[in-house]
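The sequence shown begins at 94 in this note's numbering and counts up one residue at a time.
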Amino acid sequence: MSAQPAPPAASASSSASALTEVEAHGVERIPDADRTATPLDLFRLAFGGANTFSTCVLGAFPILFGLSFWQGLAATVLGVLAGALILCPMAVFGPVNGTNNAVSSSAHLGVHGRVVGSFLSLLTAVAFFSLSVWSSGDALVGGAHRLFGLERGNLSYVVAYALFAGLVLAVCVYGFRFMLFVNKIAVTSASVLFLLGAVAFAGDFDPSYTGAFTASADAATRSMFWPSFIGAALIVLSNPVSFGAFLGDWSRYIPAATPRRRVVGAAFLSQLATLLPFVFGLATASIVATKAPKYVDPAAPDFVGGLLAISPSWFFLPVCLLALIGGMSTGTTSLYGTGLDFSSVFPRLSRVQATLLVGVLSIAFIFVGRFGLDLVQSISTFATMIITCTTPWMVVMMLGFWTRRGWYDPDALQVFNRRQRGGRYWFAHGWNWRGMTAWWVSALIGVLFTNIPGQFVGPLGDLAHGVDISLPLSLATAAVLFLALLWLFPEPRAAYGPEGARLVRTVEVPVPPITGPGAAVDAPAPVPAGGAG
94 MSAQPAPPAA SASSSASALT EVEAHGVERI PDADRTATPL DLFRLAFGGA NTFSTCVLGA
154 FPILFGLSFW QGLAATVLGV LAGALILCPM AVFGPVNGTN NAVSSSAHLG VHGRVVGSFL
214 SLLTAVAFFS LSVWSSGDAL VGGAHRLFGL ERGNLSYVVA YALFAGLVLA VCVYGFRFML
274 FVNKIAVTSA SVLFLLGAVA FAGDFDPSYT GAFTASADAA TRSMFWPSFI GAALIVLSNP
334 VSFGAFLGDW SRYIPAATPR RRVVGAAFLS QLATLLPFVF GLATASIVAT KAPKYVDPAA
394 PDFVGGLLAI SPSWFFLPVC LLALIGGMST GTTSLYGTGL DFSSVFPRLS RVQATLLVGV
454 LSIAFIFVGR FGLDLVQSIS TFATMIITCT TPWMVVMMLG FWTRRGWYDP DALQVFNRRQ
514 RGGRYWFAHG WNWRGMTAWW VSALIGVLFT NIPGQFVGPL GDLAHGVDIS LPLSLATAAV
574 LFLALLWLFP EPRAAYGPEG ARLVRTVEVP VPPITGPGAA VDAPAPVPAG GAG
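In structure tokens form, the structure reads like this:
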């Protein structure tokens with residue numbers, strides 16, 4: 094695939110028109126002429142989607158789990174670094190294939206198996222869209238209460254959630270260009286507000302906050318340190334991993350000729366930059382725990398309420414702005430990709446209709462989670478489950494990319510979206526049982542070994558003395574099992590490029606022709622040059 098050079102900069106009027114024009118592209122391959130984004134744009138979207146108030150809430154979890162500030166900082170850095178390393182290779186699929194990552198997964202899970210990626214993106218979108226609306230809505234209502242005396246009743250929260258969710262939906266409906274515009278503003282303004290917050294809380298911050306695991310703590314409390322530390326790191330790690338299914342939504346607008354190291358580097362640096370909101374949430378949570386401990390009570394934690402309680406009066410308005418701007422960024426990056434992908438899973442729905450449908454379902458989940466469930470427990474459990482199920486899928490994708498030497502057939506990737514049959518990635522009736530088996534076995538093992546103290550413990554979760562080892566186990570299982578299956582049960586040679594397979598074997602089998610709407614019936618799919626691996 095050759096990329097054409099980016100067109101000259103458009104005029105101000107045409108740029109404004111592009112922003113307010115509803116995006117027409119679905120998950121079909123983006124034409125080269127339209128692929129004018131840069132790795133910097135990818136950085137802005139990925140960082141902007143996490144440089145938010147929602148990330149501050151996730152950053153407070155180490156304190157809510159009883160860690161000291163320094164222990165919480167170590168868990169946060171570990172989670173961000175590990176998550177960034179797992180995530181960043183997922184950025185390359187977009188430029189290579191010009192489509193989103195769920196569609197690209199057809200090459201490794203099969204034409205029908207790609208629905209796994211769609212399902213995972215739906216779970217992630219619901220979780221993080223809900224988190225953005227919850228946290229931003231609570232901050233806006235709390236700020237209005239302190240500034241204007243607004244009653245903090247259920248009606249106020251319902252109105253705030255509905256208005257905010259509707260605003261996010263509107264941005265997603267307009268599409269990529271408008272979302273990029275919002276994120277350009279969000280990255281700068283949210284960073285400024287976080288730095289302003291550092292000034293607001295500098296006098297109250299004490300890095301010597303000790304948490305619950307002190308030398309004087311009883312033995313039962315001390316025994317919970319490592320489960321709490323690992324649990325906090327996993328909550329943090331869930332943030333970068335959550336972008337795994339979405340990176341292709343944005344990087345597909347980057348020309349294919351762009352050096353892959355720049356694309357991967359942009360994704361990695363975007364997650365390192367999220368240490369800003371994470372540490373802000375961690376530091377302010379430690380202040381809340383010291384000055385207003387009732388807000389970090391494990392029975393009913395309320396970080397947003399605690400933050401407003403300790404904020405200087407002059408910082409109320411910045412908090413509200415941070416909630417509004419940051420929530421917009423998180424909500425749009427979460428919801429946009431899922432609406433995009435589900436328009437291909439349900440072909441009768443356009444991208445706009447699918448976005449609206451997923452948005453309405455997410456809003457329903459928001460109200461159930463806010464008024465019918467334990468909010469903090471819902472977020473932490475859901476985030477951990479996302480890691481458990483998504484990381485094995487990402488491992489299969491990345492190892493598949495490596496064994497295929499980064500070669501894909503863009504036309505064969507679109508077979509499912511066009512409601513066709515056959516092609517290089519048809520495998521067994523549209524399913525590549527090798528990739529599917531590696532994914533579901535690894536995800537199941539992860540769930541069995543999950544241990545979230547006081548929330549969810551899998552049947553084998555106590556085998557490591559309460560420490561959650563689900564992530565390393567699922568990662569290792571996915572890698573070993575997938576490569577073993579590729580070696581023992583070789584894939585068709587046609588699924589690999591002209592240079593053949595790397596490390597694994599292949600087998601020469603006929604490629605079923607692509608048939609169905611728009612296909613040249615009985616025309617065999619071309620097979621790349623080269624012998625069997």
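For glycine and all other residues, C-beta sits at the position ideal for the given N, C-alpha and C.
As a beta-bridge residue in DSSP terms, F549 pairs with I545. Under DSSP, the beta-bridge partners assigned to E584 are T599. Taking all protein chains shown into account, S316 has fewer than 16 neighbouring C-beta atoms within 10 Å of its C-beta and is therefore exposed. Listed in chain order, the alpha helix (DSSP H) elements of length 4 or more contained wholly in the stretch 441 to 516 are 444 to 465, 468 to 496 and 503 to 506. With fewer than 16 other beta carbons inside 10 angstroms of its own, G242 counts as exposed.
For A521, DSSP records a beta bridge to W524. W227 is the residue among V488, A572 and W227 whose C-alpha sits nearest the C-alpha of V251. Listed in chain order, the non-local C-beta contacts of T530 below 8 Å within the same chain comprise L574 and L578, local neighbours out to five positions each way being set aside. In the DSSP assignment, the residues bridged to T608 are R514.
DSSP, read as helix, strand or coil, puts D561 in coil.
Listed in chain order, the beta strand (DSSP E) runs fully inside the stretch 124 to 211 amount to none, counting runs of at least 3 residues. The straight-line gap separating the alpha-carbon atoms of A177 and L262 is approximately 28 Å.
CA-to-CA, the gap between V397 and R345 works out to about 36 Å. Residue nearest to F257 within the set G420, Y518 and P405 is G420 (criterion: CA-CA distance). Straight through space, the alpha carbons of R353 and R586 are spaced by roughly 25 Å. Assignment of I347 by DSSP, reduced to helix, strand and coil, places it in the coil class. Counting C-beta pairs with one atom in each stretch, the stretch 446 to 460 and the stretch 138 to 152 have fewer than three that are closer than 8 Å, which means they do not touch. With a beta-carbon spacing of about 6 Å, A416 and L233 fall inside the 8 Å limit used to define contacts. Cα atoms of P370 and L410: separation of roughly 18 Å, rounded to the nearest angstrom. With contacts defined as CB atoms closer than 9 Å, L213 and W486 qualify as a contacting pair.
The beta carbon of F136 sits closer than 7 Å to the beta carbons of A359, L362 and S363 from its chain, once the five residues preceding and following it are set aside; these are given in chain order. The beta carbon of F298 sits closer than 7 Å to the beta carbons of A376 and I380 from its chain, once the five residues preceding and following it are set aside; these are given in chain order. Between the stretch 537 to 547 and the stretch 562 to 572 there are three or more inter-stretch CB-CB distances shorter than 8 Å, so the stretches are counted as touching. Counting every other CB atom within 10 Å of its CB across the protein chains shown gives A350 a total below 16, marking it as exposed.
Taking every protein chain shown into account, the CB of W580 has fewer than 16 other CB atoms within 10 angstroms, so this residue is exposed. Taking a contact as a CB-CB distance under 8 Å, the pair H205 and F509 counts as one, their CB atoms being some 7 Å apart.
Under the 10 Å beta carbon count, A378 is surrounded by 16 or more other beta carbons and is classified as buried.
Taking the Cα positions, F306 is about 48 Å away from G203.
The C-alpha of F408 is placed about 44 Å away from the C-alpha of M491. Selection I418, P333 and L596 evaluated against T367 yields P333 as nearest (Cα-Cα). In the three-state reduction of the DSSP assignment, V412 falls in the helix class, which pools H, G and I. Its chain contains P300 as the residues whose beta carbon lies nearer than 8 Å to that of W163, once the 5 sequence neighbours on both sides are disregarded; these appear in chain order. Excluding the 5 residues flanking it on each side, V597 has same chain C-beta neighbours closer than 8 Å at T496, L576, L579, W580, P583, E584 and G626, in chain order. At the C-beta level, G210 and A200 stay beyond 9 Å of one another. Taking C-beta atoms under 8 Å as the contact rule, V489 and G528 qualify, at a distance of about 5 Å.
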